[in-house]
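Undergrad:
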Amino acid sequence: MNLTCSYLGLELPHPFVVGASPMVDDLDVVRRLEDAGAAAIVVRSLFEEQVHHDELAAAAAIDGPAHAFAEATTYLPEPMVRGADDYLELIAGLRRSVDIPLIASLNGVHGGRWLDYADDLMTAGADALELNLYHLPTDWRESGSAIEDRLLSMVSGLKARVSAKVAVKLSPAYTSLPHFARGLVDAGADALVLFNRFYQADIDPENLDVVRRLELSTSSELLLRLRWLAVISAQLKTPLAVTGGVHTGIDAIKAVMAGASVVQVVSVLLKRGPEFLATLRSELEGWLEEYGYASLEEMRGSMNLSRCPDPSAFERANYMEILRSWRGL
Ligand SMILES: Cc1cc2nc3c(=O)[nH]c(=O)nc-3n(C[C@H](O)[C@H](O)[C@H](O)COP(=O)(O)O)c2cc1C
């Protein structure tokens with residue numbers, strides 16, 4: 001069965017890519033991912049804040065203890081204090097250890113000099129880049145369009161710095177996602193990754209504290225991605241990757257039918273182990289054979305907004321139908 005797909009200038013044997021996660025910190029796990037046939041690995045992110053932290057630390061070393069540095073050390077969790085140099089070493093170490101394509105990840109919401117690291121990441125051995133725009137607006141003074149302009153100029157600024165292919169990982173929270181997606185492509189994005197998960201803080205009312213808890217995803221999170229894959233893939237030729245809620249071969253099939261070229265997985269591998277990648281691949285392959293497909297490509301986008309038999313399912317009409325369908329009481 002031909003499962004090949006093109007993504008970020010890479011010819012991948014199948015669509016399953018390991019999404020950004022700390023799995024890359026353990027070489028044994030990385031080798032197991034390679035043995036299980038991972039098509040590529042996205043390395044956990046280098047955060048804009050880490051680079052700034054490094055710069056402040058360097059300035060403090062030259063100028064003596066500065067207030068700015070003392071403050072900056074308080075908002076980064078300990079593992080993230082290790083900054084850009086460690087990240088470059090991580091990429092270089094992975095490159096020496098495995099042959100599969102590596103996608104380095106930059107994570108931030110402002111342009112500027114920190115993006116210069118992109119070149120170093122490629123020199124260290126990355127094959128392509130993912131830029132994660134994990135943006136959470138909190139300031140009423142910055143409008144939606146100002147935020148979008150800032151993020152778009154970040155993408156074009158990064159593309160102006162490197163010849164590498166860049167995928168942009170984004171959230172669904174834009175007024176017109178198709179318009180913003182188009183803007184990202186015009187700014188130079190070579191692929192889009194749908195979507196970031198929002199890790200919401202809970203409140204501990206007794207101790208007046210906030211509680212951080214990382215819950216892994218479930219397949220229920222896929223539906224949001226399916227909708228937007230279907231809408232965007234009908235209008236853009238740019239490759240789309242899905243991230244969030246793929247736990248089975250059938251989940252992957254739905255994502256590809258909605259228009260994904262690449263399927264990123266993290267939670268399912270953290271739950272079931274690196275070897276589960278091979279199971280996902282064989283589930284996908286078995287299903288395609290059973291239903292008479294000649295290749296994965298043949299299936300891609302077959303259920304997107306322009307090709308599915310009932311496009312209204314992805315539009316406002318669906319909302320009305322769904323409300324009307326309730327038969328509970
Ligand atoms: C422990 C953990 C660490 C993660 N670290 C990163 C990261 O550094 N950068 C990033 O872009 N996404 C990161 N993610 C998000 C994943 O790449 C992925 O988008 C998300 O988990 C949804 O996919 P899933 O449903 O397959 O888990 C992380 C996820 C987990 C669970």
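In terms of this note's numbering, the sequence shown is residues 1 to 329.
All C-beta atoms, glycine included, are put in the ideal place defined by N, C-alpha and C.
None of these values were measured; they are calculated from a predicted model.
1) Assuming Glu290 is part of the alpha helix (DSSP H), what are its boundary residues?
2) Would you check if there are 3 or more beta carbon pairs closer than 8 Å linking the region 14-28 to the region 40-48?
3) What does the Cβ neighbour count give for Arg327, buried or exposed, with the cut at 16 atoms within 10 Å?
4) Determine the contact status of Leu46 and Tyr117, defining contact as a CB-CB distance below 8 Å.
5) Assuming Leu10 and Pro101 make a contact with CB atoms under 8 Å, what is their CB distance in whole Å?
6) Which value, in whole angstroms, describes the spacing of the CA atoms of Glu206 and Gly93?
7) Using 8 Å as the threshold, is the region 236-245 in touch with the region 184-198, meaning 3 or more CB pairs across them?
8) Taking 7 Å as the limit between beta carbons, can you name the residues of its chain near Arg32, skipping five residues before and five after?
9) Is Glu221 near ligand 1, in the sense that its beta carbon is under 7 Å from a heavy atom of that ligand?
10) With DSSP as the reference, label Thr123 as helix, strand or coil.
11) Taking Glu315 as the reference, which of Val210, Leu226, Asp251, Gly37 has the closest Cα?
12) Quick check on Tyr335: does DSSP put it in helix, strand or coil?
13) Counting only beta-carbon atoms, is Trp326 nearer than 8 Å to chain B?
14) Please list, in chain order, all residues of the same chain as Ala230 whose beta carbon is under 8 Å from its beta carbon, the five residues on each side excluded.
15) Check this for me: beta carbons of Gln50 and Gly83, under 8 Å apart or not?
16) Could you have a look at Ala181 and say whether DSSP puts it in helix, strand or coil?
17) Comparing C-alpha positions only, which one of Gly157, Leu27, Leu177 sits nearest to Val109?
18) Which residues mark the beginning and the end of the beta strand (DSSP E) in which Val17 is found?
19) Would you identify the three-state DSSP class for Tyr319, choosing helix, strand or coil?
20) Measuring alpha carbon to alpha carbon, tell me which residue in Asp186, Ala181, Pro178 is nearest Ala160.
TA: Answer, in terms of the structure:
1) Residues 276-290.
2) Counting C-beta pairs closer than 8 Å gives three or more between the region 14-28 and the region 40-48, which meets the contact rule.
3) With a 10 Å radius around the Cβ and a threshold of 16 neighbouring Cβ atoms, Arg327 comes out exposed.
4) Yes. Within cutoff.
5) Contact flag correct, Cβ pair sits at about 5 Å.
6) Computed Cα separation, rounded: 46 Å.
7) Segments in contact, yes.
8) These residues qualify, in order along the chain: Pro274, Glu275.
9) Of the heavy atoms belonging to ligand 1, at least one sits nearer than 7 Å to the Cβ of Glu221.
10) Collapsing the DSSP output to three states places Thr123 in a helix.
11) Taking only the C-alpha atoms, the option nearest Glu315 is Leu226.
12) Here the chain covers residues 1 to 329 and nothing more, so residue 335 does not appear.
13) Here there is only one protein chain, and chain B is not present.
14) Counting only Cβ-Cβ distances below 8 Å, and skipping sequence neighbours, we find Ala258, Gly259, Met303, Asn304, Leu305, Cys308, Phe314.
15) Between Gln50 and Gly83, the CB-CB gap stays under 8 Å.
16) The DSSP-derived three-state label of Ala181 is helix.
17) Checking every option, the nearest Cα to that of Val109 belongs to Gly157.
18) 16-21 is the extent of the beta strand (DSSP E) around Val17.
19) DSSP places Tyr319 in the helix class (H, G or I) of the three-state scheme.
20) Considering only alpha carbons, the answer is Asp186.
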